[in-house]
Each structure stands twice: as C-alpha cells, then as structure tokens.
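Have a look at the structure below before the remarks.
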Amino acid sequence: MADYGQILFVPQSVLDRWSEQGRIQVNGNVLTILGENKNFALTSAVRFIKMEAGDDTAGLLQKVKTTDALKQMGAEHYRESVILGEVAYQVQQGFLADANALRRAAAASQPPAAKKPAAAPAAAPNPAAAQAKPGEEKEPGEQDMLAQFLLDNLQ
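Here this note's numbering is used: the first residue of the sequence shown is 16, the next is one more, and so on.
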C-alpha cells in the first residue's frame with residue numbers, strides 16, 4: 016500500500032514569507048525548496064473563514080475546498096470572497112500540499128544574506144488581537160503564526 020502522506024492547507028501569506036526569506040520558490044502550482052532543489056505539487060484552495068451574508072447552509076465554515084471543487088459547486092471565487100447562491104463567505108487563499116513538503120520548506124535554511132541579525136528585537140504581542148472574540152477579524156499575522164505552529168508541531 017502506498018503512503019500518500021498527509022495533505023495540509025498552507026495560506027498564501029506563509030508561502031510568500033518563505034519565498035521572501037529565500038527558502039522556496041513557487042512557479043504556478045509547483046513549490047521548489049531552494050536548498051534541496053526538490054519540487055512538490057500544490058493545489059490551489061481556499062479556507063472558509065467567516066460569513067459575509069446569509070447562512071452557512073452548505074456547512075463550509077472552517078473547511079478547505081480546492082478551486083476546482085468551488086467551480087463544480089457553482090461557487091464564484093474572487094480574491095478573498097466566495098459566493099455560493101445567495102451566501103457570501105470571506106476566504107483565505109492558499110494551497111493544499113503534502114505535509115512532508117511543508118515541513119521541509121519550513122525547516123529549509125535561509126541563505127546568509129537573507130537572515131536577519133540575531134539581536135533584532137521580537138515584535139511585541141498585540142493585546143487587542145489576543146482578546147478578539149469569535150467571529151471578529153483577527154490580525155493578519157495570526158494566521159501565519161498558526162500555520163507555523165502547526166508545521167512545527169506535526170508529528
């Protein structure tokens with residue numbers, strides 16, 4: 016029996032950050048880990064974040080769907096929004112990728128020129144973001160931190 020591995024959703028913002036750090040390169044739907052020169056397939060997808068209008072009768076909140084699945088459902092996707100019939104959702108754009116590829120990309124070393132000085136101060140936490148109530152919009156960086164936490168703690 017073949018082991019196909021675990022598939023995870025990775026937000027576009029995380030891939031952008033890794034690319035800026037010189038860890039990866041994304042060309043179309045192919046992620047390349049630069050230090051290893053290894054390629055992995057990506058599948059375009061969205062994660063349903065919150066309701067903008069209507070009721071979640073389709074049960075899509077906190078789910079991930081590929082863009083092909085959205086087309087098959089008859090949904091209209093534009094940037095951070097998906098409309099399905101009379102219902103509007105806010106979505107997070109990203110990709111589905113093999114968990115092992117994401118672990119390797121997260122662990123890939125940065126080239127020396129791209130590394131930040133060790134003495135750089137850490138960003139202070141935003142107390143308002145920590146007190147956000149369910150349904151309220153959170154700091155954009157919070158999704159990146161969540162993705163990084165999940166990747167760091169995958170077994």
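All C-beta atoms in this analysis are idealised placements derived from N, C-alpha and C, irrespective of residue type, glycine included.
Subject >> Same chain, Cβ closer than 6 Å to Leu85, five either side skipped, listed in chain order >> reply: For the purposes of this step, residue 85 is taken as residue 70 along the sequence shown, with counting starting at 1. So the qualifying residues of the chain are His92.
Subject >> Among Gly109, Glu51 and Ala103, the one whose alpha carbon lies nearest that of Leu75 >> reply: Translated into the one-based positions of the sequence shown, residue 75 becomes position 60. Selected option, being the one with the closest Cα: Ala103.
**OP:** Taking only the alpha-carbon atoms, compute the straight-line gap between Glu9 and Glu67 and give it to the nearest angstrom.
**Re:** There is simply no residue 9 to check, as the chain begins at 16 and stops at 170 in what is shown.
Original post:
How is the beta strand (DSSP E) around Leu99 delimited, first residue to last?
Top reply: Start at 1 with the first residue of the sequence shown, and residue 99 comes out as number 84. Its beta strand (DSSP E) spans residues Ser96 to Leu99.
Subject >> For Asp83, three-class secondary structure by DSSP >> reply: One-based indexing of the sequence shown puts residue 83 at position 68. Asp83: helix per DSSP, three-state reduction.
Original post:
Given that a residue counts as buried once 16 or more other Cβ atoms are within 10 Å of its Cβ, and exposed if not, what is Gly89?
Top reply: Counting from one through the sequence shown, the residue named residue 89 turns up at place 74. Exposed, since its Cβ has fewer than 16 Cβ neighbours within 10 Å.
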